[in-house]
Structures are given as structure tokens and as C-alpha cells.
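Mapping of the sequence shown onto numbering that gives the first Met the number 0: position 607 corresponds to residue 606, and the numbering continues sequentially without gaps.
This report refers to the structure that appears directly beneath it.
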Amino acid sequence: MKRVWSRRSFLAAAGGGALVFGGFAERAGADPAADVHEAMRGVWRDLVLGGGFPVTEEPFRSRLAELGEQVGGWAAAMAPSPGSLWPDLAFATDPEQLMQSYYRLRTMAEGYLRPGTGLTGDDGLLASLLAGLDHLHAEVYHAGQVRYGNWYCWQIGAPQALLDLCVLLYEQLGADRLGRFCAAVDHFVPDSAVASYSGTSTGANRVDLCRVLAVRGVVGQEDAKTALARDALSPVFPYVTTGDGLYRDGSFVQHTWVPYTGTYGAVFLGGLGMLFALLKNTPWQITDPRAQTVLDAVERAWAPFLFNGLVMDAVSGRAVSRGLLVSDARQVQQDDHTRGHAVLAGILLLAEGASAAERIRWRGMVKGWAARSYYSPPLADRTLGLSALARLADLRADPAVAPAPEPVGHRLFASMDRATHRRPGWAASLSMASRRITHYETGNGEHLRGWHTGSGMLSWWGSTYGNGQYSDAFWPTVDPRRLPGTTVARTVLADGAGGDWGASRPDATWVGGSTDGEFAVVGQHLRGLGSTLEARKSWFFLADTVVCLGAGIRASDGVPVESVVDNRNLGATGTHALTIGGSVQPARSGWSATFTAPGWAHLAGFGGYVLHGPGPFKALREERTGRWNDINRGGATTALTRRYATLWYDHGRDPVDAGYLYQVLPGASTTQTAARAAASSWLTLLANSATGQGVSVASLGFTGVNFWQAGAVGPLEASGPCSIMVRLRGDGTASLSVADPTRTLGALTLVWRRSVATVLSRPPSVVSAVGGTQLRIEFGSLVGTAGSPQQVVVRLG
């Protein structure tokens, strides 16, 4: 008996309603065990295909017609022969081509099953599908075959697609084929693949492996496999302190050293959402209470990196180089927006297994992000599958859900050397590197020139401007040695310099900072990749600006050293007016000039910059041409040209003790920028040296200091390296946020030379806090705080 699932019954199954087995238990003489597996296949089928969307309305009508055209072309081109199923996908030596072959077959099955493709239920297409599956099994993906090449293809990519096909074509395949295909999966993905939480069986990879095992259990009706999948998920739930997984501060790391919230994290999120839905209300329902950490992570780990529908590149690793890939003779566009849309769809799926309050809250968040994604509307996303598209379309049409606004606040992710700052009208992200976190990740020929993304790259977007800044061919056309915010020695580096898979980690421990959740003080002891460069960099994230300090900048490589204020992508034809010190500069490409600091600059359509110095700064307009294939060996070879406006400090060759001070003012007008530059008393520079860097802003009640070593800066004194932020409140209280970015301090003493009447609250890490004419705080060991800020609140005297 074929079960036709409605959208309502699917949502009930995924969301925990009692309809998971509705209709089966009522059948006379039904086998309860068989019904469980049949119901689970129905859930998985709907997870893969989606359901309930209007096939005759856009964007679904066009997408279904395109799917039919694509599938028809593949069916016609199929030519089974030794080592290949299609002439352009030879898998004899490359398992990537095997994986792609299964992906094509899965897409063909969608064309066969989905209405509106023109091939729905087509006997010839079904025959091609069966012939293709038989060929791949006979040729290579069968029990006894020895693995070669990338492990991922054999254990995750190919078996996931094959098992999806087994569910989608369950009734057409027959018991013999299903048995042989299950045996092949068992060969390549034995139970031992999840026996140890180590190697390639951690984080998002572990979730993917559990997906294979769970669906394999459902297809083969082997309860032990499904139970193993459920149990093997448990290690991904607890917070980790090293390596892959979720950290207590919201960090998500994959490949041991790489911040990966935006890509592997999206796989992690989406995979768990599908498994929660599959196992809900079955004998294998996930009951581990630690699974709540995944639900908590939606707002703690993913939401801070989502803005106007995009996910920030700072947490997408080598995926940023995949912008325009050649796939199946088509060019497929990927960018921060398409990656963000996948996360939105994943959150919607996970919401169906969350609490009622979480579901309501998350759907409002996703609706807000999608509504503000004006640069790249999610429903026009060609990379989204129809099931994800259907979830987003359903949400948009739901009048009961109000779109939530973008939040305001600062989040510091000490465990992955990242920070995000969100203010009314704009957002920013910061990328750093340390012994814990790589400069960048390259591998499989991807992200070959991402050398300096961990050298203090400061990215920012406006609520109504600049949302295509890093989407519009930025990565293949930008000067990779002039990424915004970075300090870099212009040493010539080879593609992939530093080594694959995050090998390029600097010998630096002081990376991190302190925050009260609204403002922040962040610092990086920078050691250059492939150079002798060393620098101390600090960022003070405030209400309408990011104050940037650099000190102790030195190198001995015989090349210029630069600190890049910004490098804005103006698009293919942009002529945005650049005003420096009140004078509008030429808009022609190739124009450059040197200006004396202090000064200010304004770039129309983006914002302003106050350049305090020391020394001169440079400005450049240029056209740059590049190809995605230059930075990703699988990328398109079409030449792309974009215009850039760049501001930087040139510290000269082999500087000994160079520095800088500037402000970035996102969204500021020319008048506002000039006024900030003229307000000489607005910002007080307390120190800018290799000992300490600090500023204060009296109007904000703000003082922030990064102590690179023991010393005194302004009203603050520290017995060791640390980061301190002081906020004066209007109610006569003050908060001190203190952190140990080095994670090495066994004790720390702080003195704040300010009258304090009483200490209102303090964390357990504080041994003693005594007020009076000054405040003296004694901390015990801060090693276990993992760089997280410790907050002390006092009442002023």
C-alpha cells in the first residue's frame, strides 16, 4: 500500500505531533514493526522532496520545468561503460565523480517523482534510473570494493545520495536491489565508523555518518542500525573545549582549527534537523537531554553571524572560494547569501522539533532575515533545493509570524578567534588567528589565496547598503594582500602557502578580548604568514564606530608592510565619490595619492573614516580582474572585473615600531565624518604600544585597554596580560569586563584608580574585590575561563 503524505502530516511528524504513525496502526492486521519503517520512509521522503507547495505558481513552476529539462538531458546523455556512467564523470580514479554520479541520479529521481517536471512517472526515466544504479553498483560501489581517493565520497557523499534514492524509489527497486545496496553501504560505512569520536568522525562529519546509518536502518528495516545512529549522535551534543564541535561561547569548529559555523555548521544544523524529524515519536527518538545544546546554539552560535539573510564569510572557511563553480556543465553561483539561505532553511527544519516558544521565536527571526535580504531574495536562490524553498515560501505566506528585527549587541567567540558587532543599521565581523585557530584553510585546491583572512580582517555591512560587498566576485578580484582591516607584509606567497587543512597557525596566544554584550575591546598579537611580521592590533567596538589601533609593527623581509583601513568593492561599474579632507577625488581607475594624517575620508554609499595617523595614508582606485579558477581549481574560468577603492597606511620596508590609529564609521555621511574628525576631544588615546593599547570615550562612559604585558594604562593597572573594558552607567554603577585571552594566568591583580563605594556582584573567578579610593580586584586562575569575559559590577563612590 502506498502512503501519500500530506504537508500537514509531514509537519506533524517532524514537529512531534501524534500523526507520525497516523493511519498505520488503524489498518486491520497491520504489522507494527513494518509500519514504523514505512512511516519513517514517508517522513524522509518528505524531508527530501518537501510537499504542499503550489507547483503551478512561481518560483516553483519554473524550477520544476528546469528540473525536468535538466533530468531529460542527463537521461539522454547516460552512456554506461567501464569506469563511468556519463562520459564527463569518470570515476575509475576519482571518487568525486562517483559521488557526482549518484547526485545526478538522485536529482533524476526527483524529476521522476515531482509533479510539474514533464517527466513525472515517466517509464523511460525510471528505466534509466534503475540502469544507472545497477551500473554504479556493479562497477564500483559494492561490497568488496577497495576505497581510493577522498574518504568523504565513500562514507558520506555517495551513500547519502544512494540511500535517499532507496527511499524515493523504494517500491520500484525491489528487495534484491535494496539488499545489495544496503550491503554496499555496510561495507563502506561499517558500525566502526562511529565507534570512536575522533578523526573524520566528529562534528558535522559525525552527524553526516549518523544520517547514513539511520536511513540505512530504515531502508533495510534493521533496528540496530537506527539505534546505533541515535546513540552515535550523543558525542556531538556536549560542549567541547578543543577540536571539532560546539563550544560554550557559541563557537563552532571543524577540521580542528577552522571556524565553520557558516558551512560545516550549516550541515551540522540541517543534518540534525532531519534526524530529529526522522526519529521523533519512534522507538529511537532522541532523548539525550544534552541535545538541548544544539537548540540553544541557534541563537548562540548561528544567529550572530546572520545579517539580512547572509552568513558572514568569517565562518565559512574555504567555501568562500566556491563563488562560481562549474557543475554538470552549468555555472552555479554560491556566496554569503546562498550559504545564509541554507542556514535559514535549516533553522526552520530544526524548529519543527523544538519547543513551541523556540519555534515561534526562530520563525520570526528567519522571516525577518528573509524579508531584509533585498540583495539576494531567498525565494530566487537557485542553489536551494525545492524542499528548502518550500519551507521558506510557507513561512513568508504565514500571517501569524511577525518578522523579528536585527538584534543589537556584541558577541565575542574566543574559542574560534571571531567577533561580531551589531548596531542599528549595520553589522561587522572580525577574523583573527592564533595557536588555536588557523590563518585560513585551503585544501582540495580551494581558497588558494586566503592567506591573510586571519590577519585582522574587518568586514562590515549596512542594513540597506553594502550587502553585496563580498558576494559580487569579491574573492577572485580583490587584492588578497589588501584585505580590509589586515596588517600584512607584501611578501610574495605561493598558492596554498602555509599548508592544507588549517596548518598555517601562528605562534601567538594573546588573541581575544572583553565585552559586556554591547561594546567590546578585542586584540590580536599578529604574526604574519610566511613573513617575519609581528604586530599588536586592537579594536574598540562602540556605538557608531570601530576604533582601530596598531602598534609594535615590525618586519625584516625587505618588503613594504601595510595596514589596510578598508578595501571596498564598488562593483563592475561603480564610481562612488571618494572625499578626502573635504575634497572630492578623481573617480578614474588607476588614480592614487598620498595624504597627510590626521585626516578623514568618506566613500559615498558606504561610510566614513577618521585617520588619526601617525604618518601619511594612501588611497587608490583600481580595476582588478580575476577568475574563480584562480583561487579554486574547480571554479569558472570566466574573467571578472571589479572596481575597488582602497585606503591604507604604508609603514615602509622593514618597519621597526610602526603604528596607526583610525576609526571606521559605517553609514556615516560626509558631514558626520568631518564632524567626528573635528571633535578632537571625543576620543582619548591612552596608550598605543607593544605594552598596552587603550582608549576612552567620556561621552559613552567607556574605557578599554588591552594589556600585552603587565603595566599601567590610563586609570588601569594590571599584573599580567589581559583585556579590560570599563562602562560607567547612568545609575551610579559601573561594570568591569576582564578576560585572559592567553588562557595562561594563574592569578591576576587589577587596580582601577576610581573611587568605589561597594562591589555589587563578582564572578567565582574573583578571590577578592576591595573598593575605597580605588578598586583592587584579585582573580584566581583564569585558565579555565577559556578566554571568556569576567564581569564585576560596582557602585561608584
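Using N, Cα and C, we set each Cβ at its ideal position, and we do this for glycine too.
In this text, all values refer to a predicted model and were calculated from it rather than measured experimentally.
Item to check | DSSP-derived helix/strand/coil call for residue 786 | outcome: Position 787 of the sequence shown, counting from 1, holds the residue named residue 786. Of the three classes helix, strand and coil, the one that applies to residue 786 here is coil, per DSSP.
Next on the checklist: Here's a check: name, in chain order, each residue in its chain whose Cβ is nearer than 6 Å to the Cβ of residue 590, leaving out the five neighbours to either side.
Outcome noted: The residue given as residue 590 occupies position 591 in the sequence shown. Same-chain partners within the cutoff: 620.
Next on the checklist: Does residue 810 come out as helix, strand or coil in the three-state DSSP assignment?
Outcome noted: Here the chain covers residues 0 to 796 and nothing more, so residue 810 does not appear.
Item to check | 7 Å Cβ shell around residue 89 - same chain, five flanking residues per side excluded | outcome: Here residue 89 corresponds to residue number 90 of the sequence shown, with the count starting at 1. The answer, listed in chain order, is 82, 83 and 96.
Checklist entry - Are the beta-carbon atoms belonging to residue 409 and residue 528 less than 8 Å from one another? => result In the sequence shown, the residue the question calls residue 409 occupies position 410. In the sequence shown, the residue the question calls residue 528 occupies position 529. No, the Cβ-Cβ distance between residue 409 and residue 528 is not below 8 Å.
Checklist entry - When you compare only the Cα positions, how much space is there between residue 782 and residue 511? => result Residue numbering aside, residue 782 sits at position 783 when the sequence shown is read from its first letter. Residue numbering aside, residue 511 sits at position 512 when the sequence shown is read from its first letter. Approximately 14 Å, taken between the alpha carbons.
Next on the checklist: Which residue wins for smallest C-alpha separation from residue 487, given the options 533, 577 and 107?
Outcome noted: For the purposes of this step, residue 487 is taken as the residue at position 488 of the sequence shown. Per the Cα distances, 533.
Item to check | Secondary structure of residue 56, DSSP reduced to three states | outcome: One-based indexing of the sequence shown puts residue 56 at position 57. Note: residue 56 maps to coil in three-state DSSP.
Checklist entry - On the three-pair Cβ rule with 8 Å, is the stretch 745–761 touching the stretch 702–719? => result yes
Next on the checklist: My output table needs one value for residue 92: the three-state DSSP class, helix, strand or coil.
Outcome noted: For the purposes of this step, residue 92 is taken as the residue at position 93 of the sequence shown. Note: residue 92 maps to coil in three-state DSSP.
Checklist entry - Got a sec, what are the start and stop residues for the beta strand (DSSP E) residue 665 sits in? => result What you label residue 665 is simply residue 666 of the sequence shown in a count that begins at 1. Element bounds for residue 665: 657–665.
Checklist entry - Can you tell which of 637, 546, 646 and 539 has its C-alpha closest to the C-alpha of residue 592? => result For this step, residue 592 is matched to residue 593 along the sequence shown. For residue 592, the nearest C-alpha among the options comes from 646.
Checklist entry - Helix, strand or coil: how does DSSP classify residue 292 here? => result Against the sequence shown, residue 292 aligns to sequence position 293. Helix.
Item to check | Delimiting residues of the alpha helix (DSSP H) encompassing residue 466 | outcome: In the sequence shown, counting from the first residue as 1, residue 466 sits at position 467. Neither: residue 466 is in no alpha helix (DSSP H) and is coded neither H nor E.
Item to check | Status (buried if at least 16 other CB within 10 Å, exposed otherwise) for residue 171 | outcome: Indexing the sequence shown from 1 puts residue 171 at position 172. Result: exposed.
Item to check | Minimum length 4: unbroken alpha helix (DSSP H) runs contained in the stretch 567–655 | outcome: 627–630
Next on the checklist: Taking DSSP's pairing of strands, which residues face residue 734 in a bridge?
Outcome noted: As a working note, residue 734 is residue 735 in the sequence shown. 726 and 792, per the DSSP bridge assignment.
Next on the checklist: As a quick exercise: from 334, 284 and 247, pick the residue whose alpha carbon is nearest that of residue 298.
Outcome noted: For the purposes of this step, residue 298 is identified with residue 299 of the sequence shown, where counting begins at 1. Ranking 334, 284 and 247 by Cα distance to residue 298 puts 247 first.
Next on the checklist: Would you call the stretch 598–608 in contact with the stretch 686–693, where contact means no fewer than 3 C-beta pairs closer than 8 Å?
Outcome noted: no
Checklist entry - Which of helix, strand or coil does DSSP assign to residue 709? => result Locating residue 709 in the sequence shown gives position 710, counting from the first residue. Note: residue 709 maps to coil in three-state DSSP.
Checklist entry - Apart from the five residues just before and just after residue 466, which ones in its own chain have a Cβ nearer than 6 Å to its Cβ? => result Looking up residue 466 in the sequence shown gives position 467. Here the set comprises 307, 374 and 460.
Checklist entry - Is the stretch 278–286 touching the stretch 244–260 in the sense that three or more CB pairs, one from each, lie closer than 8 Å? => result no
Next on the checklist: Give me the DSSP bridge partner(s) of residue 539.
Outcome noted: For the purposes of this step, residue 539 is taken as residue 540 along the sequence shown, with counting starting at 1. BP columns for residue 539 point to 520 and 546.
Checklist entry - Taking Cβ to Cβ, would you say residue 641 is nearer than 8 Å to residue 471? => result Mapped onto the sequence shown, residue 641 falls at position 642. Mapped onto the sequence shown, residue 471 falls at position 472. Yes; because the gap between Cβ atoms is below 8 Å, this pair is in contact.
Checklist entry - Which two residues bound the contiguous alpha helix (DSSP H) that contains residue 204? => result The residue labelled residue 204 in the question sits at position 205 within the sequence shown. Start and end: 202–219.
Checklist entry - Does DSSP classify residue 703 as helix, strand or coil? => result Position 704 of the sequence shown holds residue 703. Residue 703 falls in the strand class under three-state DSSP.
Checklist entry - If we call anything under 8 Å between Cβ atoms a contact, is residue 476 one with residue 623? => result Position 477 of the sequence shown holds residue 476. Position 624 of the sequence shown holds residue 623. Yes, the pair counts as a contact, with Cβ atoms nearer than the cut-off.
Next on the checklist: Could you compute how far the alpha carbon of residue 378 sits from the alpha carbon of residue 425?
Outcome noted: As a working mapping, residue 378 is identified with position 379 in the sequence shown. As a working mapping, residue 425 is identified with position 426 in the sequence shown. If I take the Cα positions, the gap works out to 24 Å.
Checklist entry - Mind checking residue 122: buried by the 16 CB within 10 Å criterion, or exposed? => result The residue given as residue 122 occupies position 123 in the sequence shown. Exposed: under 16 other Cβ atoms inside 10 Å.
Checklist entry - What residues match up with residue 778 in a beta bridge as DSSP calls it? => result Residue numbering aside, residue 778 sits at position 779 when the sequence shown is read from its first letter. Partner(s): 747 and 765.
Checklist entry - In terms of alpha-carbon separation, which member of 264, 176, 774 and 204 lies closest to residue 156? => result If you number the sequence shown from 1, residue 156 lands on position 157. With distances taken between Cα atoms, residue 156 lies closest to 204.
Checklist entry - In whole angstroms, what is the alpha-carbon distance linking residue 499 and residue 320? => result Here residue 499 corresponds to residue number 500 of the sequence shown, with the count starting at 1. Here residue 320 corresponds to residue number 321 of the sequence shown, with the count starting at 1. So the alpha carbons of these two residues sit roughly 15 Å apart.
Item to check | Delimiting residues of the alpha helix (DSSP H) encompassing residue 428 | outcome: Against the sequence shown, residue 428 aligns to sequence position 429. From DSSP, residue 428 is part of no alpha helix (DSSP H) but of the beta strand (DSSP E) over 425–430.
Checklist entry - What separation, rounded to the nearest whole angstrom, lies between the Cα atoms of residue 742 and residue 435? => result Within the sequence shown, numbered from 1, the residue matching residue 742 stands at position 743. Within the sequence shown, numbered from 1, the residue matching residue 435 stands at position 436. About 11 Å.
Checklist entry - Okay, do the stretch 61–71 and the stretch 109–126 touch, 3+ Cβ pairs below 8 Å being the bar? => result yes
Checklist entry - Who are the near neighbours of residue 180 in its chain, counting only those whose CB is closer than 7 Å to its CB and skipping five residues on each side? => result Position 181 of the sequence shown, counted from the start, is the residue given in the question as residue 180. So the list reads 136, 161 and 165, once near-sequence residues are dropped.
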